[in-house]
Amino acid sequence: MEGYLYILECADGSYYTGSTKDLNTRLQQHYDGLGANHTRKRLPVKLVYLEKYPRIDQAFYREKQIQGWRREKKEALIKGEYDQLPELAVAYRDRFPVAEME
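Using our numbering, the letters of the sequence shown map in sequence onto residues 53 to 154.
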């Protein structure tokens with residue numbers, strides 16, 4: 053059964069990352085305030101990113117991966133700036149060596 057990974061932008065500018073087998077039903081739940089607690093408190097929401105997978109477990113795995121990302125990395129993904137993703141994967145402390153900060 054196919055699955056979908058999606059990212060919603062909430063009214064407060066935050067992002068919600070989820071996965072589902074039934075995209076239309078799940079999005080309607082979010083729009084109606086019946087979705088996750090995070091989106092329920094931050095209506096309205098809009099779909100800003102979508103990936104389709106052959107199996108729901110693959111979408112779920114991708115959801116958990118993206119949930120661990122910083123905001124700027126999620127925004128690069130949403131904008132299609134895929135070349136930025138490797139750089140944004142580097143920990144902040146490793147991006148600016150101590151010698152440069154002195």
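Cβ coordinates follow ideal geometry from the N, Cα and C atoms, glycine included.
For LEU95, no alpha helix (DSSP H) encloses it, and the DSSP letter there is neither H nor E. Counting C-beta pairs with one atom in each stretch, the region 59 to 67 and the region 76 to 95 have three or more that are closer than 8 Å, which means they touch. Only buried fits TYR56, as 16 or more other CB atoms lie within 10 angstroms of its CB. The C-beta distance from ALA141 to LYS125 rounds to 7 Å, short enough to fall under 8 Å. Of the other Cβ atoms in all chains shown, fewer than 16 fall within 10 Å of the Cβ of ILE130; this residue is therefore exposed. CA-to-CA, the gap between TYR134 and GLY70 works out to about 20 Å. Taking C-alpha positions only, THR72 is separated from GLY120 by approximately 18 Å. In this structure, the beta-carbon distance from LEU95 to TYR58 does not fall below 8 Å. Within the DSSP secondary-structure output, LEU99 pairs in a beta bridge with LEU60. Contact check for ARG123 against GLU54 fails: the beta carbons are separated by 8 Å or more.
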